[in-house]
Amino acid sequence: MDIITNNIWMILILLALVIGVLFVSAKMSGRQISPYAPKRLMTDHEKVFFPKLEKAASRLGGYRVFPQVAMSAIIDTHRDLAQSARLATRNTFDRKIIDFVIVDENMHVVMIVELDDRTHRSDKDARRDSITAGAGYATVRLRNGRKITIDQIERELRRVWKSKVNV
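For the record, in the sequence shown the residue sitting at position 103 is 1401 according to the working numbering, with numbers rising by one throughout.
Structure follows, in structure tokens:
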């Protein structure tokens, strides 16, 4: 019985030494776990909707669509504001992402498209729409990205575009 117990202890000690050597070796090689991890660009819902939106936007006049655009890429604070007001205003939008931005051939924003799903909340959506409208952008909110047709998307884009330019 003592021989079996001694052998088990020897195996456990040897195993601990091997694990310790591997741990020290990994530390010394400079390998560290990165604090960064990849993230999907779009949800499955958005991936299904995106080509439909591209087709509808191209029908309107060759417009292009960019997904997942930072609000701060298309919105800035007014330069006449005091520095503290500019910072406070910027903090209302600088970490927000727009689902899709439609641009013309000169890369000017034509309109914003948000694909609403169960994660969207109307109170937050209203605040976001207020920010984008304040910068002069019309926002189209659509649902059912998987079921909506290209023709339905095109009609809604035209409706919002016409109301924006008063055609």
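Note that beta-carbon positions come from the ideal geometry of N, C-alpha and C, so glycine has one too.
These numbers were taken from a predicted model, which means no experiment stands behind them.
query                                                                                                                 : result
7 Å CB neighbourhood of residue 1332 in its chain, flanking five on each side removed                                 : none
Within the segment 1360-1422, ranges of the alpha helix (DSSP H) (whole runs, at least 4 residues)                    : 1369-1372, 1381-1388
CA-to-CA distance, residue 1317 to residue 1308, given in whole angstroms                                             : 14 Å
For residue 1397 and residue 1362, the rounded distance between their alpha carbons                                   : 14 Å
Rounded separation between residue 1354 and residue 1451 - CA only                                                    : 6 Å
Beta-carbon gap between residue 1435 and residue 1405 smaller than 8 Å                                                : no
Stretch pair the segment 1421-1431 + the segment 1446-1461: three plus CB contacts closer than 8 Å                    : no
Residue environment, residue 1464, which counts as buried when at least 16 other CB atoms sit within 10 Å             : Note that residue 1464 has pLDDT 42, beneath the 50 cutoff, so the model's placement of it is unreliable and no number is given.
Own chain partners of residue 1381 with C-beta closer than 8 Å, once the 5 adjacent residues on each side are dropped : none
7 Å Cβ shell around residue 1403 - same chain, five flanking residues per side excluded                               : 1360
Residue 1365 versus residue 1347: straight-line alpha-carbon distance, rounded                                        : 11 Å
CA-to-CA distance, residue 1422 to residue 1393, given in whole angstroms                                             : 14 Å
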